[in-house]
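Undergrad: For the sequence shown, UniProt numbering gives the first residue as 1, with consecutive numbering after it. C-beta: ideal position from N, C-alpha, C; glycine also. I'd like to ask you about the structure that follows.
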Amino acid sequence: MKKIVSFTFLFFMLGGVVIAQSKINWLTFEEAAAKTQENPKMVFVDVYTDWCGWCKKMDKETFTDPKVVAYINENFYPVKMNAENTKRKFMFRGREYTEATMAATMRVRSYPNFIIMDAAMENITQYPGYRQPEPFLTGLTGILEKFGK
Numbered sequence: 001m002k003k004i005v006s007f008t009f010l011f012f013m014l015g016g017v018v019i020a021q022s023k024i025n026w027l028t029f030e031e032a033a034a035k036t037q038e039n040p041k042m043v044f045v046d047v048y049t050d051w052c053g054w055c056k057k058m059d060k061e062t063f064t065d066p067k068v069v070a071y072i073n074e075n076f077y078p079v080k081m082n083a084e085n086t087k088r089k090f091m092f093r094g095r096e097y098t099e100a101t102m103a104a105t106m107r108v109r110s111y112p113n114f115i116i117m118d119a120a121m122e123n124i125t126q127y128p129g130y131r132q133p134e135p136f137l138t139g140l141t142g143i144l145e146k147f148g149k
């Protein structure tokens with residue numbers, strides 16, 4: 001009986017955590033770089049454009065799914081980067097970038113595109129294209145299993 005009560009309590013607590021995290025805690029690229037120096041963690045970069053319909057669909061359907069939100073917030077420093085923004089400038093490794101020049105440096109050519117970086121801020125892989133929540137989580141889990149945390 002004690003195990004059932006403990007399991008039920010744990011189930012509701014974990015469920016509450018998923019519900020409590022209603023949105024992804026998006027950062028700028030430079031915020032993620034600073035955070036990973038303080039506390040090493042992989043970086044997830046969502047590279048999008050304003051005109052991209054599939055990007056908007058990802059924002060509306062996949063990036064609002066409670067499981068996706070919890071998984072990304074727990075395992076990554078998430079970054080939103082507009083591949084056509086040439087106005088906002090930031091420094092990275094002694095060079096000045098815009099979001100557009102950083103996207104080009106990362107060799108992003110299609111949208112949406114997701115860049116996975118390790119804690120040293122090195123690109124590990126690209127994960128391009130629209131995906132519904134479950135396949136998206138399956139793919140991210142596979143990436144984490146392959147490249148480690």
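Does Glu30 come out as helix, strand or coil in the three-state DSSP assignment?
TA: Along the sequence shown, one-based indexing puts residue 30 at 30. Looking at Glu30 - three-state DSSP - the assignment turns out to be helix.
Undergrad: Keeping to the same chain, check which residues put their C-beta closer than 7 Å to that of Leu137; ignore five residues upstream and five downstream.
TA: Position 137 of the sequence shown, counted from the start, is the residue given in the question as residue 137. These residues qualify, in order along the chain: Lys67, Val68, Tyr71.
Undergrad: By the DSSP assignment, the beta strand (DSSP E) with Pro78 in it spans what residues?
TA: Along the sequence shown, one-based indexing puts residue 78 at 78. Its beta strand (DSSP E) spans residues 76 to 82.
Undergrad: DSSP three-state call for Asp50: helix, strand or coil?
TA: Locating residue 50 in the sequence shown gives position 50, counting from the first residue. Three-state result, Asp50: coil.
Undergrad: Going by the DSSP bridge assignment, what does Ile116 pair with across the sheet?
TA: Within the sequence shown, residue 116 is the residue found at index 116, counting from 1. Answer by DSSP bridge pairing, in chain order: Phe44, Thr125.
Undergrad: Kindly indicate which three-state DSSP category Thr98 falls into: helix, strand or coil?
TA: Numbered from 1 along the sequence shown, position 98 holds the residue referred to as residue 98. Correct three-state label for Thr98: strand.
Undergrad: So, at 8 Å on beta carbons, what are the nonlocal neighbours of Gly142 in its own chain, with the 5 sequence-adjacent residues on each side left out?
TA: Along the sequence shown, read from residue 1 onward, the residue named residue 142 stands at position 142. Same-chain partners within the cutoff: there are none.
Undergrad: Which residues does DSSP list as the beta-bridge partners of Lys89?
TA: Stepping through the sequence shown from its first residue, residue 89 is reached at position 89. In the DSSP output, where bridge partners are listed per residue, Lys89 has Thr98.
Undergrad: Can you give me the Cβ contacts of Ala32 inside the same chain, cut-off strictly under 6 Å, excluding the 5 residues immediately before and after it?
TA: Looking up residue 32 in the sequence shown gives position 32. Cβ within range, chain order: Val43, Tyr77, Val79.
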